[in-house]
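Chains as they are written, first to last, in our numbering: chain D, 50 to 195; chain P, 50 to 195; chain H, 50 to 195.
In this text, a Cβ means the ideal position worked out from N, Cα and C, and glycines have one as well.
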Amino acid sequence: MGLSLPSPPRPVAAYVPSVATGSLLFISGQIPMVDGQVACRGRVPGAVTVDQARGAARQCVLNGLAVASGALGGDLSRVRRVVRLGVFVQCDDGFTDQPLVANGASELLRELFGDRGTHARAAVGVNALPLDATVEVEMILETGAA
Amino acid sequence: MGLSLPSPPRPVAAYVPSVATGSLLFISGQIPMVDGQVACRGRVPGAVTVDQARGAARQCVLNGLAVASGALGGDLSRVRRVVRLGVFVQCDDGFTDQPLVANGASELLRELFGDRGTHARAAVGVNALPLDATVEVEMILETGAA
Amino acid sequence: MGLSLPSPPRPVAAYVPSVATGSLLFISGQIPMVDGQVACRGRVPGAVTVDQARGAARQCVLNGLAVASGALGGDLSRVRRVVRLGVFVQCDDGFTDQPLVANGASELLRELFGDRGTHARAAVGVNALPLDATVEVEMILETGAA
């Protein structure tokens with residue numbers, strides 16, 4: 050698809066980007082960092098449009114896949130299934146289109162991984178996110194041997 | 050208990066209702082859909098009472114069990130344990146009774162499954178939810194062979 | 050470290066403090082209860098400072114470890130890895146330092162468990178939490194035989 054993964058963002062705090070346990074790989078919550086800056090800030094829809102937020106959700110997934118790639122020795126073919134996404138959308142009170150925003154994340158995963166990319170999901174609104182990011186996405190992946 | 054499961058709600062977006070990995074079944078976040086409509090909208094307690102929201106949380110669980118039933122070939126006896134609930138309550142600032150709302154979900158599971166229905170839980174407030182739903186509930190179930 | 054674990058807080062509702070499934074132990078969302086009272090209430094930063102909230106996040110972890118200890122027969126050496134933290138910070142709109150608050154939880158785990166204590170994490174802001182708690186922390190632990 051002509052996408053290249055970014056360098057995995059460094060966590061902004063005292064935790065690690067991912068933890069493997071059994072066949073599951075837990076990816077920490079990702080915000081739309083690009084080149085060390087948060088590329089999309091503020092609440093939907095007052096400060097940020099739904100389309101911009103969709104793009105931010107897509108960027109969160111790219112960052113999460115960069116983390117996964119690092120954990121899997123650079124081999125994303127070891128992702129057997131995307132299990133779950135948690136999507137938090139920073140939004141104004143009364144905003145109801147969190148699913149449209151979260152689709153930016155979900156659709157990219159389906160494009161990249163096909164059926165293996167489809168996942169369970171919880172998408173909710175929140176009033177504030179780290180570094181004023183518009184979206185935060187966490188992932189659980191099922192992984193296999195190389 | 051005289052309850053009949055609804056048809057499993059279709060996800061409103063590009064994801065799937067559930068994903069199985071190992072012995073775990075992840076159920077996507079459910080809102081209180083009834084016959085294709087969100088049966089309980091708005092924030093607690095300004096627009097929706099705690100009792101109404103409790104009922105909405107119960108409906109979320111019914112919808113989640115309908116999803117689980119579909120994933121388990123119609124055989125909910127394959128649910129060995131309800132592992133975790135995540136409960137998001139759309140509420141006004143300063144509302145503090147999210148646990149009472151979430152009990153609508155938890156108590157139904159205990160009634161239906163007994164000790165197997167008891168679960169770990171995180172219940173929080175949020176300022177906005179998809180389609181203006183009052184409650185969203187996601188579940189992780191442990192499942193076994195038929 | 051001279052820390053003593055509190056008595057595990059009783060859930061305020063119809064659920065259980067933890068559920069084990071396979072090698073995973075899911076700990077319910079913990080608030081900063083101390084001696085039966087919520088030790089830190091209100092939103093960051095208007096009503097509660099970041100430092101106070103960090104301390105509250107640390108207390109949440111202590112309470113979660115008390116729960117884990119109870120589930121593991123008092124033997125926390127059976128914790129092989131802290132897998133994931135979910136950290137919810139009750140905050141004013143526009144607050145962006147949720148990671149600093151969540152570090153109160155993360156740093157304690159690293160101090161107590163070393164590399165085994167490092168974890169994946171999602172930290173978000175919310176507009177309201179149970180009992181007006183400033184922070185809620187849920188945990189997934191990987192456990193082993195005694």
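Per-residue contacts from residue i into chain P (C-beta, under 9 Å)
i, result
"L73 (chain D)", "T70, G71, L73"
Closer than 7 Å at the beta carbon, the chain P residues around residue i
i, result
"D142 (chain D)", "N176, A177"
Chain H residues whose Cβ lies nearer than 8 Å to that of residue i
i, result
"E187 (chain D)", "A169, A171"
"T145 (chain P)", "A177, L178, P179, L180, D181"
Residues near residue i by beta carbon distance below 7 Å, same chain, minus five either side
i, result
"L114 (chain P)", "L54, L125"
"V110 (chain P)", "A154, L157, L158, V186"
"F144 (chain P)", "V93, P94, G174"
"F162 (chain P)", "V128, V131"
Any non-hydrogen atom of the ligand FMN within 7 Å of residue i CB
i, result
"R170 (chain P)", "As far as ligands go, the structure on display features none, and thus does not contain the ligand FMN."
Interface residues of chain D facing residue i [CB-CB closer than 7 Å]
i, result
"S42 (chain P)", "Chain P is shown from 50 up to 195; residue 42 (chain P) falls before or after that span and cannot be answered."
"V65 (chain P)", "T167, H168, A169"
Supposed close pair residue i, residue j - CB separation, criterion 8 Å
i, j, result
"A63 (chain D)", "S155 (chain H)", "4 Å"
"R127 (chain D)", "T70 (chain D)", "Rounded, the Cβ-Cβ distance is 15 Å, inconsistent with contact."
"V83 (chain P)", "Q108 (chain P)", "6 Å"
"A202 (chain D)", "A151 (chain D)", "With chain D running from 50 to 195 in the structure shown, residue 202 (chain D) is simply not present."
"V175 (chain H)", "V175 (chain P)", "6 Å"
Own chain, CB closer than 6 Å to residue i, minus 5 neighbours either side, in chain order
i, result
"A171 (chain H)", "G135"
Own chain, CB closer than 8 Å to residue i, minus 5 neighbours either side, in chain order
i, result
"G95 (chain D)", "D141"
"P57 (chain P)", "P66, N112, A115, V116, S118, G119"
"L173 (chain P)", "It should be pointed out that residue 173 (chain P) corresponds to Val in this sequence rather than to Leu. Taken in chain order, the residues that qualify are V136, F137, V138, Q147."
"R133 (chain P)", "H168, A169, R170, A171, M188, I189"
"G122 (chain P)", "A195"
"A177 (chain H)", "Q139"
"V99 (chain H)", "V93, D146, L149, V150"
"V68 (chain P)", "L74, F75"
Min CB distance residue i to chain C below 8 Å
i, result
"D181 (chain P)", "The chain inventory of the structure shown lacks chain C, comprising the protein chains D, P and H."
Scan the stretch 153 to 178 of chain P for residues whose Cβ lies nearer than 8 Å to a Cβ of chain H and list them as they occur along the chain. S155, E156, R159, T167, H168, A169, R170, A171, A172, V173, G174, V175, N176
Check whether the stretch 86 to 98 of chain D touches the stretch 177 to 187 of chain H, taking contact to mean three or more Cβ pairs, one atom from each stretch, closer than 8 Å. no
Looking at chain P, which residues of the stretch 105 to 134 of chain D have a Cβ within less than 9 Å of any of its Cβ atoms? The residues in question are R129, R130, V131, V132, R133, L134.
Given 8 Å, three or more beta-carbon pairs between the stretch 67 to 81 of chain H and the stretch 157 to 170 of chain P: yes
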